[in-house]
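Number of protein chains: 2
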Amino acid sequence: MSKLTIALDIMGGDHGPPVILSASLRAVRQHPDTHFIFCGQRAIIEPALADLNSSQRERVHIEHCEDVVEMDDKPASALRSKQDSSMKRIVELVEQGKADACVSAGNTGALLALAYYRLKTLQGVDRPALVSFMPTAGNHKVLLLDLGANVNCTADTLFQYAVMGSVLAEQMTGKQAPRVALLNVGEEDIKGNALVKMANQQLKQTPALNYIGYVEGDDIFTDYADVVVTDGFTGNVALKSSEGLAKLVVNEAKRFSAANLWTRTMARVALPLLKTIYNRVNPDQYNGASLIGLRGIVVKSHGNASADAFYYAINQAMQEARLRVPEKIKSKIETVLLEQL
Amino acid sequence: MSKLTIALDIMGGDHGPPVILSASLRAVRQHPDTHFIFCGQRAIIEPALADLNSSQRERVHIEHCEDVVEMDDKPASALRSKQDSSMKRIVELVEQGKADACVSAGNTGALLALAYYRLKTLQGVDRPALVSFMPTAGNHKVLLLDLGANVNCTADTLFQYAVMGSVLAEQMTGKQAPRVALLNVGEEDIKGNALVKMANQQLKQTPALNYIGYVEGDDIFTDYADVVVTDGFTGNVALKSSEGLAKLVVNEAKRFSAANLWTRTMARVALPLLKTIYNRVNPDQYNGASLIGLRGIVVKSHGNASADAFYYAINQAMQEARLRVPEKIKSKIETVLLEQL
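As they're listed, the protein sequences go chains A and B. Quick note on my numbering: the first sequence kicks off at 1 and runs consecutively. Quick note on my numbering: the second sequence kicks off at 1001 and runs consecutively.
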C-alpha cells in the first residue's frame, strides 16, 4: 500500500457527529496523501464536506450507514441488531482490506466486540488488549495495558500483552528494547497473586523482551518502565483512579480559589499553570487507545473526546498503519514462541 | 476501660525513632487522660522522655525490646527470628488486654502477619483488611479497602469487607447508613469479573447495608460513595497509581517553573497553592491505615510518615479504641449473618 486509507466512524462519541466531523475534516486537509472513508448517515456527512476543495473532496469517500451504535447499547445488541452501523462498517472495511485502519469514539464495549468478532486475533494471541500511552515525568510516556478489554486474564494473556506492548512501544516511540514491567503490589518476588507470579516466571525466561520485573502503581508515572502490563480489571482501575485524582486536583484548585481575595489572586495565576499540567498529565485525554493483537488496526478515541483528541486518534491510527504494527506484533510473537520451544 | 492505653512501636518507619518519638511525645502532652506504652530500645527511648514533666512521665511506660523489625525484613522472619521486637510487643499488649490499641510505622507485611497471627480475626471474618480514608471533592472522605492485606479475595471476603467498611465509616465519620460501593470497570450489571459479580449479588441481598452498586476508579474521588470495596491487589494499585499521579502533578509544576521568568513567577505563586492541594489530596500522607477485622485495634502509619502523620495515626487508634470499633464490627457481622439465615 502506498497511500493510506483510514475508515472513520462519524457517528460515535458523546458529542456526536459535529465534533467528529470537525476533527475528520482537519485530518483530510492535513494529510494530502491519505484517503478517508467517512462512515455514517449521508445526510449528516454530505453538508459538512462542502468546505473542502475539490482535491480534498476527492480523497473522501462516504459510506452511508443507517444504524448508529449508541453509547449505552449492549455489545451483543450492537453485534446482532444493528447490522448497518457505522461502527460495524469501519471494522469491515479493515477486514476486507479496503481500509488500513479505523477510528471510532463510540461505545468501547461494542467496538471491542465487533473488532474481536470480525478481525480475529493474530496467531498466538488469545485476546486483544486495549492500550494507551500515559504521561510520566519529563515528557516521557509509558504504555499501559490492558485497560479493560479483558477482565479475566490468565498468565499466558499477560505474557502476550507484554510481547505486544513491547512491540507497540518500540514502534511508536522508536526506543529500542523498551523496558517491560508487570504491575504488582510490591517489587519483591514473594509479592502478588498467583496470576502475576506465573507471568513473572514466564517473562523472566524470555530473552527477546527487556523484562525488568515488578512495578507498583506509583511507578507507572515515574519513567521507570516503558510498558506496564496488567490484567484488564486492574488496568482499568489504575487508569480511572488516576484520572479521578487529576480531576480532584483541578476541582480543588477552583474551589480553593473562591475562598478569599488572596487565594483568588493566587488562583488566577495558578489555574492556567495547573490547566497546562492537567492537560499534560490527565490520562483521560492523553491519547487514543489502540486495540492490539488483532489482524487489523483499530483505534478507540475517548467517548468524551474533543475534536483535538479525535484528530490525534486519527494520527495514531495512521502511524500504526504506516509502521504496520499488526505485522510487527505477529513477527515478534513468532520469535518469542520459537524461543520457548 | 475508662482511661485508654496505647502501645507504640517506637522503632518502626523509614525515618527511625527520632520522628516517631517526636510524634509520640506530642500525643503524651496532648492527651492527659491517656497512657502510652513505648516499645523499643530503652537506651533510645529513655533520654527522649527527659523533656516530659512528672505527670506526663507517669503516663509513659517503657517496654524494652531488643529486636527491631527492619523495613525490608520478610514477614516470616519477623514472626520467627525476631522474638523480642517492638512490633511484636505492641501487638501482644493488645492481645493481652494491656493496651487498647497499637500503632506502628514499620514494615507493613510484618505487621500484617504479626497482627493476623496473634490477634486472630473476628468470628465471621476470613481475612483482615487494610483500610484508609481517601480525599474526595469538598472535604468529604471515602474509605477504601482492601489496600493490600489480601491479594487473593473471594466474593465472601469482599462481602465481609463491605460490612466492616460500613461500620468503620459510620463510626469514624458519624454518617448514618454510609453508601457502600463495589469497585468495578463499569457501572452496568454485565460489567466485571466473576468475583465482583458474585459479591454484587450477595450485597444486593443485604438490607443491613446501604449498598449502592458498582463504581469505577474515578468515582473514588467524587464523593459518590462513602465506602469503596475491592480486593487487595486492585485496591493497592488504585491507591498507589493515584499517589503516583499526584506526585507527577507537583513535579511537573516544579519542572515547568524552571522554564523561564514568566513561568517562574507563575510557579512561585502557584506552588504554595498546589502544595496545599497536594497535601489535601495525596492519599499517601492522608491518614494512617487501619487493619480491621481483628480482635484488636492495629493502626499502620505510612513507613515514610512525618511526625505529623504518625501523630494523626495515634489519634486514629485512640478514636477507634474509644468507639470500640472491633466490637461494633463483630455485632454488625452477626446481624448480617443472621439476616442471611
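Cβ coordinates follow ideal geometry from the N, Cα and C atoms, glycine included.
Contact set for L1183 of chain B: own chain, Cβ-Cβ below 8 Å, skip 5 residues either direction: Cβ within range, chain order: V1196, Y1214, V1215, E1216, G1217, I1220, V1228, V1229, T1230, T1234, G1235, A1238.
Taking DSSP's pairing of strands, which residues face C1039 of chain B in a bridge? B:D1009, B:E1063
For my contact list, V19 of chain A and S306 of chain A are in at a C-beta cut-off of 8 Å; report their separation, rounded to the angstrom. Taking a contact as a CB-CB distance under 8 Å, the pair V19 of chain A and S306 of chain A counts as one, their CB atoms being some 7 Å apart.
Any beta carbon of chain A sitting closer than 7 Å to that of L1182 of chain B? no
Does any residue of chain B have a CB that is nearer than 7 Å to the CB of T234 of chain A? yes
Going along chain B, which residues have a C-beta under 9 Å from R179 of chain A? Per Cβ cutoff of 9 Å: no residues; R179 of chain A is ~16 Å from chain B at best.
Close-in-space but distant-in-sequence residues of the same chain around G1244 of chain B (CB under 7 Å, 5 per side omitted): none
Look at the Cβ atom of L130 of chain A, then the Cβ atom of L114 of chain A, and state whether they are nearer than 7 Å. no
Taking the alpha carbon of Q1171 of chain B as the reference point, which residue from B:A1023, B:A1317, B:L1008 has its own alpha carbon closest? B:A1317
Between L1093 of chain B and A1007 of chain B, which are expected to be in contact by the criterion C-beta below 8 Å, what is the C-beta distance as a whole number of angstroms? 4 Å
Close Cβ partners of S1290 of chain B (< 6 Å) along its chain, the five nearest in sequence each way excluded: V1131, V1299
Straight-line Cα distance separating V1060 of chain B from S1022 of chain B: 14 Å
Give me the DSSP bridge partner(s) of V1131 of chain B. B:L1145, B:S1290, per the DSSP bridge assignment.
Proximal residues, the segment 119–144 of chain A versus chain B, C-beta separation under 8 Å: P135, T136, A137, G138
Residues sharing a beta bridge with S104 of chain A, DSSP: A:K300
For chain B, check one thing: does any of its Cβ atoms lie closer than 7 Å to the Cβ of E63 of chain A? no
Could you tell me whether any Cβ in chain B is nearer than 7 Å to the Cβ of S54 of chain A? No, its Cβ sits nowhere closer than 7 Å to a Cβ of chain B.
CB-CB length for V1180 of chain B against L1209 of chain B, believed under 8 Å: 5 Å
Using 10 angstroms around the beta-carbon of Q1160 of chain B, count the other beta-carbons present and answer buried if the total reaches 16, otherwise exposed. Here Q1160 of chain B is buried: its Cβ has 16 or more other Cβ atoms, across all protein chains shown, within 10 Å.
Against chain B, with Cβ distances strictly below 7 Å, would N152 of chain A count as a contact? Among the CB atoms of chain B, one or more fall inside 7 Å of the CB of N152 of chain A.
For V1325 of chain B versus V1163 of chain B, is the C-beta distance shorter than 7 Å? Contact annotation: V1325 of chain B and V1163 of chain B have beta-carbon atoms that are not nearer than 7 Å.
Close-in-space but distant-in-sequence residues of the same chain around V69 of chain A (CB under 6 Å, 5 per side omitted): Taken in chain order, the residues that qualify are A78, K82, S85, M87, G106, N107, A110.
In the DSSP assignment, find the alpha helix (DSSP H) that holds L1195 of chain B and state where it starts and stops. 1194–1204
Using the beta-carbon of each residue, which ones in chain B are nearer than 8 Å to F221 of chain A? S1241, G1244, L1245, K1247, L1248
Please check if any C-beta of chain A sits within less than 7 Å of the C-beta of N1107 of chain B. no
Which residues bound the beta strand (DSSP E) around Y1214 of chain B? 1210–1215
For a contact defined as C-beta to C-beta under 8 Å, what are the partners of N251 of chain A on chain B? A1137
Helix, strand or coil at R118 of chain A [DSSP, three-state]: helix
Inter-residue Cα distance where the pair is A1137 of chain B and L1144 of chain B: 15 Å
Which value, in whole angstroms, describes the spacing of the CA atoms of V28 of chain A and T34 of chain A? Computed Cα separation, rounded: 7 Å.
Closer than 7 Å to chain B by CB, V185 of chain A: yes
Taking 7 Å as the cut-off, decide whether the C-beta atoms of Y1278 of chain B and V1250 of chain B are in contact. yes
Closer than 9 Å, Cβ to any Cβ of chain A: which residues of the segment 1077–1100 of chain B, in chain order? none
Neighbour-count burial assignment, L1338 of chain B, 16 or more Cβ in a 10 Å radius: exposed
By the criterion of Cβ-Cβ separation under 9 Å, what are the contact partners of G1217 of chain B in chain A? N236, V237, A238, L239, K240, S241, S242, E243, G244
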